[in-house]
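*Asks:*
Numbering (our numbering), first residue to last: 151 to 1395.
1. How about residue 1168 and residue 1186: are their beta carbons less than 8 Å apart?
2. Just checking my contact of residue 1214 with residue 1242 at CB under 8 Å: how many whole Å lie between their CB atoms?
3. Identify whether residue 1284 lies in helix, strand or coil by the three-state DSSP scheme.
4. What residues in its chain sit with their C-beta under 7 Å from that of residue 714, if we drop five residues either side in the sequence?
5. Which of helix, strand or coil does DSSP assign to residue 296?
6. Return the CA-CA distance between residue 1259 and residue 1240, expressed in angstroms with no decimal places.
7. If you draw a straight line from the C-alpha of residue 602 to the C-alpha of residue 667, how long is it?
8. Can you look up residue 930 in the DSSP assignment and give me helix, strand or coil?
9. Does the beta-carbon of residue 1349 have 16 or more other beta-carbons within 10 angstroms, so that it is buried, or is it exposed?
10. Any heavy atom of the ligand SAH closer than 7 Å to the CB of residue 371?
11. Tell me the start and end of each unbroken beta strand (DSSP E) in the region 439-498 that is at least 3 residues and wholly inside, in chain order.
12. Are there 16 or more other CB atoms within 10 angstroms of the CB of residue 628, so buried, or fewer, so exposed?
13. Determine the direct distance from the alpha carbon of residue 673 to that of residue 863, and round the result to whole angstroms.
14. Going by the CB atoms, is the gap between residue 1204 and residue 1221 shorter than 8 Å?
15. From residue 1296 to residue 1391, what distance separates their C-alpha atoms?
16. Taking just the CA atoms, how far does residue 405 sit from residue 458?
17. Nearest-angstrom Cα distance between residue 803 and residue 736?
18. Identify whether residue 162 lies in helix, strand or coil by the three-state DSSP scheme.
19. In angstroms, rounded to a whole number, what distance separates the CA positions of residue 1152 and residue 1063?
20. So the candidates are 869, 745, 908; which of them puts its Cα closest to the Cα of residue 889?
21. Give the straight-line distance between the Cα atoms of residue 1172 and residue 1230, rounded to the nearest whole angstrom.
22. Could you please give me the residues that DSSP links to residue 1115 through a beta bridge?
23. Excluding the 5 residues preceding and the 5 following residue 1119 in the sequence, name in chain order all residues of the same chain whose CB lies nearer than 8 Å to its CB.
24. Can you give me the start and stop residues for the beta strand (DSSP E) that residue 552 sits inside?
25. Would you mind reading off the limits of the alpha helix (DSSP H) that contains residue 1337?
26. In angstroms with no decimal places, state the Cα-to-Cα distance between residue 1249 and residue 1277.
27. Do you know offhand how far residue 741's Cα is from residue 972's?
28. What are the boundary residues of the beta strand (DSSP E) that residue 348 is part of?
29. Excluding five sequence neighbours on each side, which residues of the same chain lie with their C-beta closer than 6 Å to the C-beta of residue 437?
30. Beta-carbon within less than 6 Å of residue 104's beta-carbon, same chain only, minus the 5 sequence neighbours each way: which residues are those?
31. Kindly indicate which three-state DSSP category residue 799 falls into: helix, strand or coil?
32. Beta-carbon within less than 8 Å of residue 448's beta-carbon, same chain only, minus the 5 sequence neighbours each way: which residues are those?
33. Since residue 1273 and residue 1302 should fall inside the 8 Å C-beta cutoff, what is the C-beta to C-beta distance between them, to a whole number of angstroms?
34. In angstroms, rounded to a whole number, what distance separates the CA positions of residue 374 and residue 277?
35. Could you give the C-beta distance for residue 354 and residue 385, rounded to a whole number, given that I count them as a contact under 8 Å?
36. If the criterion is Cβ atoms closer than 8 Å, does the pair residue 901 and residue 871 meet it?
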């Protein structure tokens, strides 16, 4: 074992190393030794993701308390990531954070994920006066304004993301950091911080992200940072933007619209002096920048500004990366004019739906004097505006050194590539522009032809030929490849052979003077081309081929007419299948041949190989030999003679022979005998057949020096018969044996092992035995002295011969280290007999016994740990895995299942989180849940699935229960009362799930009454196949409900009350439309949920609302800003009417489904939201040639004046592979409609 240098390190250094690990990985080191047991508690930092711990939170809570109790020194780092569903830990997070701050934390990172506004945690105010904090990252938490002056004297890095700000706290935080250098602020659309001032004398890097959303407030940003060097400004919400003292700015990443409201006419009017001054002052404030990245939206604003005002000069700007669409290219010369010293330009180019006619007439100063490098990305072949753009730079750039073009529709054809290259080489003004690159640097093309042909040699010829379309250089490069790999059926029908011959003639004509390395052919019926084909192979041999592989798949063997194959001076490997080799008239000479493979060969007048009576293999150099002869059992004698002094590996596979002679096998290392001897046809070895007995004896004697042997069951059967008549030679060098025992050959085992004196590894493939009296008396020498590893496969439970075999090794192997048993079928009940077997007396004290598992437990460090530490380790496992550990120790018994008693005991002991589920509800129709579950004082979360709940005779009281999940339970005949009692007895219930899915065992729940003053989240799933005519009703009364998922397809009556706090709704119901009077139900439900802000609605529900709209008006959803709906093509007529009920909608996602018989739709009405608020639309599941989808896309494009993004996505195939409908045709089909919103981006996916 190597030296343990880690353990030689001092504890201080080890603690520092562990600080870079997650807490769970750090804890795992505690099992290494006693020194490491508590070392993780002294690590000066924690990196914790609560999601990695068990869901009940107990382990995490105890871990944190223990860590903070033991580690009272100054911490360097504390990183905490938690989710909003951990209600039971919410009140602990803030005190823990306050504690680490008080102890002098340097790096604090707190991230809350998936936290809605009502669950936001406000950070402790002592953060604002920390004397030690160097970096602070807060995500999705709250910051309250402290009553003292903020002072963070050491803070250099601050990251604030999706923060719920109290008034003035942001400005106080920034001004209270006298050494702040790096600031990141990410704001969401629900941000109520109307004014953000960033004022700092030390700030060097600043990132602001404020995406557009549902906010309607007026926002302002002011930045004053004299030392600022880098700024990323991505703000689409702020109306007023002020920048001051940015003379040190080096780089800016700019993506802002200055919150311009795009409506009818120009979005920036000349009389809008305030907005115009804001844009002018901002550009002037950043005009000293040297490196700029600017977005398409910002360029649109500058384009409109340039028509009413003059753009300031950027004298220091030398590097510019900009996103230009074809409709904005008119701005390009004017924008370059304000960059007089520009050297590097990167353009991300895109094609507009309605490209304007562009005319480049102005010639900026930078093109004449400074611009040296231009890169244009995402060009499209044959697109007119892109060609004009490229020509503009080539014809007017006097000092240009390099122009790089990247195409989105590459690879291009040879014709297109040549057209572009002619364009680029014919119009250059700059003589120094020598590098006209197509895309990124092409390292492949820089390689010499000789190396490229060697690379192509590793491809099949059909793939090699495909490279000819890459460029003019590649057109004929495949003809110089020094090899072929062909398959005749890959040539064009109906004449495969003729196509192959023509191809070969062309290839050989090009390679007539070259030496070929490889020729591989898979050939089917010759059909008259046999002579021509064989002549070509003869030519290949004459060309000095090194590797020749011929596979003939024909009814008749094909002979080699030319016999030059027998005297090739270059052949290194030769593989022939189903061909005829004639006996040559000269001495065969293949001086370089190292590998020879002959399959299904016919030898001319001598007949096929399978009727040859004698095969001699004599070679002084042979190292590996494989023989596979499958005879027809005609009774003819077949003999094999092998003489190979250097042979190391030999395999007989399914070979049948009457006589085998081997000589000079002293070098043999490994032999595999899976042969079937011809004795099978004449019965077992008879005593009166001394000739065959001598053959076996001689064969075993010659191979006795082998070290590694694999032997089949049929050969062992022969050896078993032979052992009764003669002795088996000693295999003194054999250390690894793999053997298949079946039938009577198992009786041979002790005798055969006696001949293997030094055997170490034994693998047995054990077959099914007839019941017979097998008894092992002899104990071979190897069991006592050398055998260390035994592996037995294909055992069967309760099979007596197998049990005897296992006992034989356990009781007689003195040095056995590992015994592995593999079972064909493994039953937990039948395994008890094997458990008793494995606890019997072992001769070897170090032996491991493994049932169906492959584990190494020799140096068992785990078992040396105390039980208390082992239980803490097992706590991290699911119980199903924990129970499996019971097979490792005899005291790990599994008792009878008494679930009800366990649950009752757990409740009495103050359980906090109870989750019980059974897949078979009939198990619990006799025994219900214990009654003490209804009066637990400690339960925080309860999940019950497929169990029985009886009606308690007392008042239900669950004072701490916050989360309850009831799924497919049996509530008896008092079902409504049981559920209502449960809900009413939960005084702090916040999250409720009720699932009712059809099951023959579970009766209907005719009435569900959900009434709770504290409930925030409700999920109802009713998907029943009705077996009775009993009406089903649902009533919901929850004033604080914020999220509801209502999937109910069968309730006849639905009533909702007091849902004014509802924020998000997932709706999938038919409103009891099977009843006679559903109109009032639909109206009342829609009115009750009308305050919702985000809604997901199913196609089924929309169809019901469509029918209802013909009878009465749909209520208004004034607060709805986000809608996801599933529409069929037949229900699209409802779309305008439904959108009319959503006057303030901002984002719309439509899942479109094509009906079997689509109706002719006419979308003429234009709802208010389309003209005033709707900014983002996604349409999913479109089909390329389906007319309804085209009409729908055109409807939004033509009627939405403020639309920012339209994203249609298709289901039938990727856009780039639509051969029936090219990409440009799709653009014409979907995007040629007149866009009412000029700022709308259309993204097809």
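C-beta atoms are modelled at their ideal positions from N, C-alpha and C, and glycine is treated no differently.
*Replies:* This is what the structure holds:
1. yes
2. 7 Å
3. helix
4. 688, 691, 692
5. coil
6. 16 Å
7. Each residue's Cα considered, the two are about 15 Å apart.
8. When DSSP states are grouped into helix, strand and coil, residue 930 belongs to the coil group.
9. buried
10. Ligands in the displayed structure: none, and consequently the ligand SAH is not present.
11. 441-444, 469-475
12. buried
13. 38 Å
14. yes
15. Distance from the CA atom of residue 1296 to the CA atom of residue 1391, rounded to whole angstroms, is 16 Å.
16. Distance between the alpha carbons of residue 458 and residue 405 is about 21 Å.
17. C-alpha separation (whole angstroms): 33 Å.
18. helix
19. Because the pLDDT at residue 1152 is just 44, under 50, the model does not fix this residue reliably, and the value given afterwards should be weighed accordingly. If you take the alpha carbons of residue 1152 and residue 1063, they lie about 25 Å apart.
20. 869
21. 21 Å
22. 1093, 1143
23. 1094, 1095, 1096, 1097, 1098, 1099, 1152
24. 552-557
25. 1337-1349
26. 5 Å
27. 50 Å
28. 345-349
29. 462, 464
30. There is no way to answer for residue 104, as the model of the chain reaches only from 151 to 1395.
31. It is a strand residue.
32. 404, 405, 406, 407
33. No, residue 1273 and residue 1302 are not in contact; Cβ-Cβ is about 14 Å, not under 8 Å.
34. 25 Å
35. Contact doesn't hold; Cβ gap of about 20 Å is too wide.
36. no
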